[in-house]
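Input: a single structure, listed below in C-alpha coordinates.
Residue numbers (my numbering): 169 to 588.
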(Lines of atoms letter the chains of each structure in order from A and count residues from 1; the text may use other names and numbers.)
(Lines give C-alpha, C1' and ligand atoms only; values in the text may rest on other atoms or scores of the structure.)
Protein backbone atom coordinates (compact mmCIF):
# COMPACT_ATOMS: atom_id res chain seq x y z
CA UNK A 1 0.00 0.00 0.00
CA UNK A 2 1.20 3.53 -0.78
CA UNK A 3 0.47 6.76 1.04
CA UNK A 4 -2.46 6.98 3.45
CA UNK A 5 -3.83 10.42 4.33
CA UNK A 6 -6.45 11.50 6.86
CA UNK A 7 -7.94 14.83 7.91
CA UNK A 8 -9.67 16.09 11.04
CA UNK A 9 -10.76 19.45 12.45
CA UNK A 10 -12.33 20.94 15.54
CA UNK A 11 -13.69 24.39 16.39
CA UNK A 12 -11.62 26.17 19.05
CA UNK A 13 -13.46 29.51 19.10
CA UNK A 14 -13.83 30.81 22.67
CA UNK A 15 -17.31 31.87 23.68
CA UNK A 16 -17.71 35.68 23.53
CA UNK A 17 -19.37 35.36 26.95
CA UNK A 18 -15.93 34.55 28.39
CA UNK A 19 -14.50 37.81 27.04
CA UNK A 20 -11.01 36.36 26.79
CA UNK A 21 -8.11 38.67 26.02
CA UNK A 22 -7.25 38.81 22.34
CA UNK A 23 -3.55 39.03 21.59
CA UNK A 24 -1.51 41.22 19.26
CA UNK A 25 -1.49 44.77 17.86
CA UNK A 26 -0.01 46.58 20.85
CA UNK A 27 0.47 46.73 24.60
CA UNK A 28 -2.26 46.53 27.27
CA UNK A 29 -5.08 47.16 24.80
CA UNK A 30 -7.68 45.30 26.89
CA UNK A 31 -9.09 43.71 23.73
CA UNK A 32 -11.76 41.24 24.78
CA UNK A 33 -13.23 38.82 22.25
CA UNK A 34 -16.82 40.05 22.09
CA UNK A 35 -17.92 39.05 18.59
CA UNK A 36 -17.20 36.07 16.32
CA UNK A 37 -16.63 36.95 12.68
CA UNK A 38 -15.30 33.51 11.75
CA UNK A 39 -14.69 30.41 13.81
CA UNK A 40 -11.17 29.49 14.83
CA UNK A 41 -10.22 25.87 14.14
CA UNK A 42 -7.53 23.35 14.77
CA UNK A 43 -6.85 21.04 11.83
CA UNK A 44 -4.81 17.87 11.56
CA UNK A 45 -3.35 16.04 8.58
CA UNK A 46 -2.24 12.47 9.25
CA UNK A 47 0.21 10.81 6.84
CA UNK A 48 1.22 7.16 6.83
CA UNK A 49 3.64 5.55 4.40
CA UNK A 50 4.56 2.00 5.35
CA UNK A 51 6.07 2.17 8.83
CA UNK A 52 6.55 5.95 8.66
CA UNK A 53 4.00 8.44 9.94
CA UNK A 54 3.72 12.19 10.38
CA UNK A 55 1.03 14.34 11.99
CA UNK A 56 0.66 17.95 10.82
CA UNK A 57 -1.41 20.25 13.06
CA UNK A 58 -2.37 23.85 12.35
CA UNK A 59 -4.25 26.15 14.75
CA UNK A 60 -5.92 29.49 14.08
CA UNK A 61 -3.98 31.13 16.92
CA UNK A 62 -1.03 33.49 17.31
CA UNK A 63 1.54 30.94 18.55
CA UNK A 64 2.50 28.61 21.38
CA UNK A 65 5.39 28.60 23.81
CA UNK A 66 7.92 25.84 23.18
CA UNK A 67 7.04 24.34 26.58
CA UNK A 68 3.35 24.10 25.66
CA UNK A 69 4.12 22.75 22.19
CA UNK A 70 6.54 20.18 23.61
CA UNK A 71 3.98 18.98 26.14
CA UNK A 72 1.28 18.71 23.52
CA UNK A 73 3.52 16.97 20.99
CA UNK A 74 4.69 14.53 23.65
CA UNK A 75 1.10 13.71 24.62
CA UNK A 76 0.08 13.10 21.01
CA UNK A 77 3.22 11.10 20.27
CA UNK A 78 2.52 8.86 23.27
CA UNK A 79 -1.05 8.19 22.15
CA UNK A 80 0.01 7.47 18.58
CA UNK A 81 3.10 5.41 19.36
CA UNK A 82 5.35 7.90 17.58
CA UNK A 83 8.46 9.89 18.35
CA UNK A 84 7.86 13.54 19.22
CA UNK A 85 9.71 14.59 16.05
CA UNK A 86 6.84 13.07 14.02
CA UNK A 87 4.39 15.66 15.38
CA UNK A 88 4.39 19.05 13.67
CA UNK A 89 2.29 21.73 15.36
CA UNK A 90 2.00 25.21 13.93
CA UNK A 91 -0.12 28.35 14.24
CA UNK A 92 -1.46 30.56 11.47
CA UNK A 93 -0.60 33.61 13.62
CA UNK A 94 -3.96 35.39 13.56
CA UNK A 95 -3.98 38.46 15.81
CA UNK A 96 -7.75 38.12 16.32
CA UNK A 97 -7.67 35.09 18.60
CA UNK A 98 -7.24 34.52 22.34
CA UNK A 99 -3.93 34.80 24.16
CA UNK A 100 -2.42 31.31 24.44
CA UNK A 101 1.19 32.20 25.26
CA UNK A 102 2.47 34.47 28.05
CA UNK A 103 3.60 37.59 26.17
CA UNK A 104 4.34 40.79 28.06
CA UNK A 105 1.56 43.32 27.53
CA UNK A 106 -0.33 41.23 24.99
CA UNK A 107 -3.16 39.76 27.04
CA UNK A 108 -3.62 37.26 29.86
CA UNK A 109 -3.75 33.55 29.09
CA UNK A 110 -6.90 31.77 30.26
CA UNK A 111 -5.67 28.44 31.63
CA UNK A 112 -9.09 26.80 31.38
CA UNK A 113 -9.27 27.64 27.67
CA UNK A 114 -5.71 26.36 27.20
CA UNK A 115 -6.52 23.03 28.86
CA UNK A 116 -9.62 22.60 26.71
CA UNK A 117 -7.63 23.54 23.63
CA UNK A 118 -5.13 20.78 24.29
CA UNK A 119 -7.90 18.19 24.49
CA UNK A 120 -9.48 19.46 21.27
CA UNK A 121 -6.18 19.26 19.40
CA UNK A 122 -5.68 15.69 20.59
CA UNK A 123 -9.24 14.84 19.48
CA UNK A 124 -8.56 16.36 16.07
CA UNK A 125 -5.58 14.04 15.60
CA UNK A 126 -7.83 11.09 16.52
CA UNK A 127 -10.30 12.17 13.83
CA UNK A 128 -7.53 12.44 11.25
CA UNK A 129 -6.19 8.97 12.06
CA UNK A 130 -9.65 7.42 11.73
CA UNK A 131 -10.03 9.15 8.37
CA UNK A 132 -6.93 7.53 6.82
CA UNK A 133 -7.48 6.58 3.18
CA UNK A 134 -5.18 5.84 0.27
CA UNK A 135 -4.10 8.91 -1.67
CA UNK A 136 -1.57 10.20 -4.12
CA UNK A 137 0.22 13.48 -3.53
CA UNK A 138 0.78 16.23 -6.06
CA UNK A 139 2.98 19.30 -5.66
CA UNK A 140 2.26 22.69 -7.18
CA UNK A 141 4.02 26.03 -6.92
CA UNK A 142 2.22 29.20 -7.96
CA UNK A 143 3.57 32.77 -8.01
CA UNK A 144 0.94 35.17 -6.65
CA UNK A 145 0.14 38.74 -7.40
CA UNK A 146 1.29 40.27 -4.09
CA UNK A 147 -1.18 40.22 -1.22
CA UNK A 148 1.62 41.38 1.10
CA UNK A 149 4.45 43.91 1.21
CA UNK A 150 7.71 44.21 3.12
CA UNK A 151 6.61 46.26 6.12
CA UNK A 152 10.15 47.04 7.26
CA UNK A 153 11.17 48.54 3.93
CA UNK A 154 7.65 49.72 2.96
CA UNK A 155 7.83 48.29 -0.55
CA UNK A 156 6.95 45.14 -2.47
CA UNK A 157 10.39 43.59 -2.27
CA UNK A 158 11.71 41.48 -0.85
CA UNK A 159 8.68 39.30 -0.31
CA UNK A 160 8.21 35.59 -0.93
CA UNK A 161 5.61 35.47 -3.73
CA UNK A 162 5.49 31.67 -3.86
CA UNK A 163 2.39 29.74 -2.84
CA UNK A 164 3.23 26.08 -2.24
CA UNK A 165 0.46 23.49 -2.39
CA UNK A 166 0.41 19.80 -1.62
CA UNK A 167 -2.70 18.16 -3.04
CA UNK A 168 -3.65 14.80 -1.59
CA UNK A 169 -6.04 13.15 -4.03
CA UNK A 170 -8.38 10.54 -2.56
CA UNK A 171 -11.35 8.78 -4.16
CA UNK A 172 -13.83 10.53 -1.87
CA UNK A 173 -12.35 14.04 -1.80
CA UNK A 174 -9.15 16.06 -1.98
CA UNK A 175 -7.13 17.47 0.90
CA UNK A 176 -5.07 20.61 0.28
CA UNK A 177 -2.05 21.72 2.28
CA UNK A 178 -1.36 25.38 1.46
CA UNK A 179 1.72 27.34 2.52
CA UNK A 180 2.19 31.08 1.98
CA UNK A 181 3.87 33.94 3.86
CA UNK A 182 1.84 36.98 4.93
CA UNK A 183 0.90 38.24 8.40
CA UNK A 184 -2.81 37.71 9.20
CA UNK A 185 -3.30 41.23 10.52
CA UNK A 186 -6.02 42.65 8.29
CA UNK A 187 -8.56 43.61 10.95
CA UNK A 188 -6.45 45.59 13.39
CA UNK A 189 -7.39 46.41 16.97
CA UNK A 190 -10.99 45.23 16.96
CA UNK A 191 -12.71 43.00 19.51
CA UNK A 192 -13.72 40.57 16.78
CA UNK A 193 -12.59 36.93 16.77
CA UNK A 194 -11.40 35.90 13.32
CA UNK A 195 -9.08 33.48 11.55
CA UNK A 196 -8.23 36.45 9.27
CA UNK A 197 -7.31 35.82 5.62
CA UNK A 198 -5.97 32.23 6.10
CA UNK A 199 -9.39 31.23 7.40
CA UNK A 200 -11.02 32.68 4.31
CA UNK A 201 -8.50 30.85 2.10
CA UNK A 202 -9.55 27.55 3.70
CA UNK A 203 -13.25 28.40 3.46
CA UNK A 204 -12.92 29.25 -0.23
CA UNK A 205 -11.27 25.92 -1.06
CA UNK A 206 -13.72 23.94 1.05
CA UNK A 207 -16.73 25.38 -0.80
CA UNK A 208 -16.04 22.71 -3.43
CA UNK A 209 -16.32 19.85 -0.92
CA UNK A 210 -12.60 19.37 -0.31
CA UNK A 211 -10.58 20.00 2.86
CA UNK A 212 -7.69 22.38 3.40
CA UNK A 213 -5.04 22.94 6.07
CA UNK A 214 -2.91 26.10 6.00
CA UNK A 215 0.62 26.60 7.28
CA UNK A 216 1.96 30.12 7.69
CA UNK A 217 5.26 30.81 5.96
CA UNK A 218 8.24 32.97 6.90
CA UNK A 219 6.23 36.20 7.17
CA UNK A 220 8.12 38.06 9.90
CA UNK A 221 8.52 41.15 7.72
CA UNK A 222 5.45 40.74 5.50
CA UNK A 223 2.13 42.53 6.12
CA UNK A 224 -1.04 42.41 3.99
CA UNK A 225 -1.39 45.15 1.38
CA UNK A 226 -4.38 46.54 3.27
CA UNK A 227 -1.91 47.86 5.85
CA UNK A 228 0.06 49.76 3.22
CA UNK A 229 -2.67 52.39 2.91
CA UNK A 230 -4.44 52.25 6.28
CA UNK A 231 -2.76 50.21 9.01
CA UNK A 232 -5.06 47.89 10.92
CA UNK A 233 -8.28 49.14 9.35
CA UNK A 234 -9.17 46.24 7.07
CA UNK A 235 -12.68 44.84 6.96
CA UNK A 236 -14.34 41.51 6.30
CA UNK A 237 -14.41 42.17 2.57
CA UNK A 238 -10.62 42.64 2.62
CA UNK A 239 -10.17 39.28 4.34
CA UNK A 240 -12.45 37.69 1.76
CA UNK A 241 -10.51 39.24 -1.13
CA UNK A 242 -7.10 38.08 0.11
CA UNK A 243 -8.44 34.61 0.89
CA UNK A 244 -9.99 34.43 -2.57
CA UNK A 245 -6.74 35.41 -4.30
CA UNK A 246 -4.69 32.75 -2.50
CA UNK A 247 -7.45 30.13 -2.60
CA UNK A 248 -8.09 30.58 -6.30
CA UNK A 249 -4.41 30.05 -7.04
CA UNK A 250 -4.21 27.05 -4.71
CA UNK A 251 -6.94 25.33 -6.71
CA UNK A 252 -4.63 25.39 -9.75
CA UNK A 253 -2.93 22.38 -8.17
CA UNK A 254 -5.82 20.24 -9.45
CA UNK A 255 -4.87 21.06 -13.04
CA UNK A 256 -1.15 21.68 -12.87
CA UNK A 257 0.12 19.69 -9.89
CA UNK A 258 2.92 17.18 -10.44
CA UNK A 259 2.65 13.72 -8.90
CA UNK A 260 5.27 12.94 -6.25
CA UNK A 261 6.50 9.43 -6.83
CA UNK A 262 7.53 7.32 -3.85
CA UNK A 263 6.33 9.77 -1.14
CA UNK A 264 8.49 8.33 1.60
CA UNK A 265 8.31 10.24 4.90
CA UNK A 266 11.56 11.34 6.53
CA UNK A 267 11.78 13.62 9.57
CA UNK A 268 14.72 15.15 11.42
CA UNK A 269 14.52 17.50 14.40
CA UNK A 270 17.48 19.23 15.97
CA UNK A 271 17.52 21.30 19.16
CA UNK A 272 19.74 24.36 18.80
CA UNK A 273 20.97 27.41 20.70
CA UNK A 274 20.10 30.87 19.44
CA UNK A 275 22.54 33.63 20.49
CA UNK A 276 21.45 36.81 22.30
CA UNK A 277 22.99 40.28 22.52
CA UNK A 278 23.38 40.98 26.24
CA UNK A 279 24.40 44.62 26.78
CA UNK A 280 26.03 46.16 29.83
CA UNK A 281 23.88 47.42 32.71
CA UNK A 282 24.54 50.99 31.62
CA UNK A 283 23.41 50.21 28.09
CA UNK A 284 20.23 48.61 29.42
CA UNK A 285 19.34 51.80 31.30
CA UNK A 286 20.10 53.95 28.25
CA UNK A 287 17.95 51.66 26.12
CA UNK A 288 15.04 52.01 28.55
CA UNK A 289 15.41 55.82 28.52
CA UNK A 290 15.53 55.78 24.70
CA UNK A 291 12.23 53.93 24.43
CA UNK A 292 10.55 55.86 27.25
CA UNK A 293 11.26 59.02 25.28
CA UNK A 294 9.95 57.53 22.03
CA UNK A 295 6.77 56.40 23.80
CA UNK A 296 6.26 59.74 25.52
CA UNK A 297 2.52 60.23 25.88
CA UNK A 298 1.78 56.51 25.48
CA UNK A 299 1.42 55.32 29.04
CA UNK A 300 0.70 51.70 28.10
CA UNK A 301 3.87 51.44 26.04
CA UNK A 302 5.89 53.11 28.80
CA UNK A 303 4.47 50.60 31.29
CA UNK A 304 5.71 47.85 28.97
CA UNK A 305 9.24 49.32 29.00
CA UNK A 306 9.20 49.68 32.80
CA UNK A 307 8.21 46.03 33.23
CA UNK A 308 10.84 44.94 30.73
CA UNK A 309 13.53 46.92 32.58
CA UNK A 310 12.73 45.16 35.85
CA UNK A 311 13.04 41.76 34.18
CA UNK A 312 16.22 42.77 32.34
CA UNK A 313 17.84 43.80 35.62
CA UNK A 314 16.72 40.68 37.49
CA UNK A 315 17.84 38.25 34.76
CA UNK A 316 21.00 40.13 33.79
CA UNK A 317 23.59 37.95 35.52
CA UNK A 318 22.04 34.72 34.27
CA UNK A 319 21.90 35.88 30.66
CA UNK A 320 25.31 37.53 30.82
CA UNK A 321 26.76 34.16 31.82
CA UNK A 322 24.73 32.24 29.22
CA UNK A 323 23.88 34.66 26.39
CA UNK A 324 21.54 32.41 24.46
CA UNK A 325 18.26 30.58 24.52
CA UNK A 326 18.53 26.84 24.05
CA UNK A 327 16.58 23.69 23.26
CA UNK A 328 14.98 25.42 20.26
CA UNK A 329 13.52 22.90 17.77
CA UNK A 330 14.24 23.17 14.06
CA UNK A 331 12.41 20.49 12.13
CA UNK A 332 12.89 19.11 8.64
CA UNK A 333 10.29 16.92 6.93
CA UNK A 334 10.66 15.10 3.64
CA UNK A 335 7.75 13.69 1.62
CA UNK A 336 9.45 12.15 -1.36
CA UNK A 337 11.14 14.99 -3.25
CA UNK A 338 9.31 17.63 -1.18
CA UNK A 339 11.16 19.28 1.69
CA UNK A 340 9.65 21.23 4.60
CA UNK A 341 11.50 23.29 7.21
CA UNK A 342 9.75 24.30 10.43
CA UNK A 343 11.11 27.04 12.71
CA UNK A 344 9.50 28.32 15.94
CA UNK A 345 9.67 32.01 15.13
CA UNK A 346 8.52 34.99 13.12
CA UNK A 347 11.14 34.40 10.47
CA UNK A 348 11.91 37.13 7.94
CA UNK A 349 11.04 36.19 4.36
CA UNK A 350 14.68 36.48 3.23
CA UNK A 351 15.47 33.24 5.04
CA UNK A 352 12.96 31.40 2.89
CA UNK A 353 14.18 33.07 -0.28
CA UNK A 354 17.76 32.02 0.47
CA UNK A 355 16.82 28.44 1.28
CA UNK A 356 14.56 28.09 -1.77
CA UNK A 357 17.44 29.02 -4.06
CA UNK A 358 19.03 25.76 -2.97
CA UNK A 359 15.89 23.69 -2.43
CA UNK A 360 13.28 24.67 -5.06
CA UNK A 361 10.57 22.30 -3.76
CA UNK A 362 10.76 23.70 -0.23
CA UNK A 363 7.87 24.66 2.03
CA UNK A 364 8.70 27.03 4.88
CA UNK A 365 6.66 26.81 8.11
CA UNK A 366 7.00 29.60 10.67
CA UNK A 367 5.42 29.54 14.17
CA UNK A 368 6.11 25.80 14.27
CA UNK A 369 6.58 23.82 17.49
CA UNK A 370 6.68 27.07 19.44
CA UNK A 371 7.28 30.79 19.08
CA UNK A 372 10.45 32.52 20.33
CA UNK A 373 9.89 35.88 18.65
CA UNK A 374 11.11 37.52 15.47
CA UNK A 375 14.12 36.13 13.66
CA UNK A 376 15.36 39.13 11.65
CA UNK A 377 17.97 39.49 8.95
CA UNK A 378 21.27 41.12 9.81
CA UNK A 379 20.45 44.37 7.99
CA UNK A 380 17.39 45.01 10.17
CA UNK A 381 19.59 45.65 13.22
CA UNK A 382 20.95 48.85 11.68
CA UNK A 383 17.77 50.71 12.64
CA UNK A 384 17.64 51.06 16.43
CA UNK A 385 13.90 51.72 16.21
CA UNK A 386 13.18 48.49 14.34
CA UNK A 387 10.27 46.78 16.07
CA UNK A 388 11.20 43.20 15.19
CA UNK A 389 14.86 43.59 16.15
CA UNK A 390 14.64 45.69 19.31
CA UNK A 391 11.10 45.95 20.75
CA UNK A 392 9.68 42.46 20.13
CA UNK A 393 12.61 40.80 21.97
CA UNK A 394 11.44 42.64 25.09
CA UNK A 395 8.23 40.62 24.81
CA UNK A 396 9.93 37.25 24.39
CA UNK A 397 13.56 36.82 25.43
CA UNK A 398 14.45 40.05 27.29
CA UNK A 399 17.32 40.88 24.93
CA UNK A 400 17.63 40.90 21.12
CA UNK A 401 19.04 38.03 19.17
CA UNK A 402 22.64 38.41 18.09
CA UNK A 403 23.15 39.73 14.57
CA UNK A 404 24.69 36.31 13.91
CA UNK A 405 21.20 34.79 14.15
CA UNK A 406 20.77 34.82 10.36
CA UNK A 407 23.92 32.81 9.72
CA UNK A 408 23.13 30.45 12.60
CA UNK A 409 19.60 29.62 11.47
CA UNK A 410 20.46 29.31 7.77
CA UNK A 411 23.34 26.96 8.60
CA UNK A 412 21.26 24.77 10.92
CA UNK A 413 18.31 24.64 8.51
CA UNK A 414 20.54 23.81 5.55
CA UNK A 415 22.25 20.98 7.40
CA UNK A 416 18.88 19.47 8.31
CA UNK A 417 17.51 19.80 4.77
CA UNK A 418 20.60 18.09 3.36
CA UNK A 419 19.84 15.04 5.49
CA UNK A 420 16.23 14.48 4.41
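Where is the CB? At the ideal position from N, CA and C, for every residue including glycine.
Nearest-angstrom Cα separation, counted from residue j out to residue i
i: residue 432; j: residue 195; result: 45 Å
i: residue 175; j: residue 300; result: 7 Å
i: residue 475; j: residue 528; result: 44 Å
i: residue 458; j: residue 235; result: 33 Å
i: residue 347; j: residue 385; result: 6 Å
i: residue 354; j: residue 479; result: 32 Å
i: residue 304; j: residue 350; result: 28 Å
i: residue 240; j: residue 560; result: 25 Å
i: residue 462; j: residue 500; result: 41 Å
i: residue 181; j: residue 371; result: 16 Å
i: residue 543; j: residue 217; result: 34 Å
i: residue 425; j: residue 514; result: 29 Å
i: residue 512; j: residue 538; result: 5 Å
i: residue 524; j: residue 317; result: 19 Å
i: residue 214; j: residue 308; result: 20 Å
i: residue 589; j: residue 342; result: As displayed, the chain neither begins before 169 nor continues past 588, which places residue 589 out of reach and without an answer.
i: residue 583; j: residue 530; result: 14 Å
i: residue 472; j: residue 396; result: 26 Å
i: residue 535; j: residue 510; result: 8 Å
i: residue 246; j: residue 325; result: 44 Å
i: residue 554; j: residue 465; result: 20 Å
i: residue 400; j: residue 575; result: 33 Å
i: residue 460; j: residue 470; result: 6 Å
i: residue 329; j: residue 315; result: 9 Å
i: residue 569; j: residue 338; result: 45 Å
i: residue 297; j: residue 334; result: 19 Å
i: residue 225; j: residue 251; result: 15 Å
i: residue 280; j: residue 442; result: 32 Å
i: residue 345; j: residue 558; result: 34 Å
For residue i, the nearest candidate out of the options (CA to CA)
i: residue 382; options: 486, 187, 259; result: 259
i: residue 265; options: 294, 398, 187, 391; result: 187
i: residue 183; options: 285, 541, 198, 237; result: 285
i: residue 545; options: 517, 372, 261; result: 517
i: residue 507; options: 408, 533, 386; result: 533
i: residue 253; options: 220, 384, 357; result: 220
i: residue 540; options: 484, 440, 466, 464; result: 440
i: residue 231; options: 415, 274, 247, 526; result: 274
i: residue 448; options: 473, 486, 413; result: 486
i: residue 415; options: 256, 500, 310; result: 310
i: residue 177; options: 293, 378, 467; result: 293
i: residue 336; options: 228, 419, 233, 550; result: 419
i: residue 124; options: 404, 438, 454, 190; result: Not covered by the structure: residue 124. The range shown for the chain is 169 to 588.
i: residue 222; options: 450, 255, 493, 268; result: 255
i: residue 179; options: 291, 267, 521, 248; result: 291
i: residue 549; options: 562, 454, 571, 565; result: 571
Chain C contact for residue i (CB, 8 Å cutoff)
i: residue 519; result: Here there is only one protein chain, and chain C is not present.
Helix, strand or coil at residue i according to DSSP, with G and I counted as helix
i: residue 236; result: helix
i: residue 299; result: coil
i: residue 539; result: coil
i: residue 211; result: strand
i: residue 561; result: helix
i: residue 510; result: strand
i: residue 249; result: coil
i: residue 426; result: strand
i: residue 448; result: coil
i: residue 291; result: helix
i: residue 470; result: helix
i: residue 230; result: coil
i: residue 197; result: coil
i: residue 527; result: coil
i: residue 188; result: coil
i: residue 453; result: helix
i: residue 419; result: coil
i: residue 532; result: strand
i: residue 366; result: helix
i: residue 327; result: coil
i: residue 408; result: helix
i: residue 311; result: strand
i: residue 573; result: helix
i: residue 588; result: coil
Opposing strand residues paired with residue i [DSSP bridges]
i: residue 384; result: 348
i: residue 438; result: 498
i: residue 223; result: 214, 255
i: residue 305; result: 336
i: residue 171; result: 217, 303
i: residue 361; result: 204
i: residue 493; result: 442
i: residue 178; result: 210
i: residue 318; result: 323, 390
Query raised in the report: Taking contact to mean at least 3 C-beta pairs separated by less than 8 Å, is the region 389-407 in contact with the region 418-435?
Result: no
Query raised in the report: Any contact of the region 197-212 with the region 357-364, i.e. 3+ C-beta pairs under 8 Å?
Result: yes
Query raised in the report: Is the number of C-beta pairs between the region 407-414 and the region 365-379 that are closer than 8 Å three or more?
Result: yes
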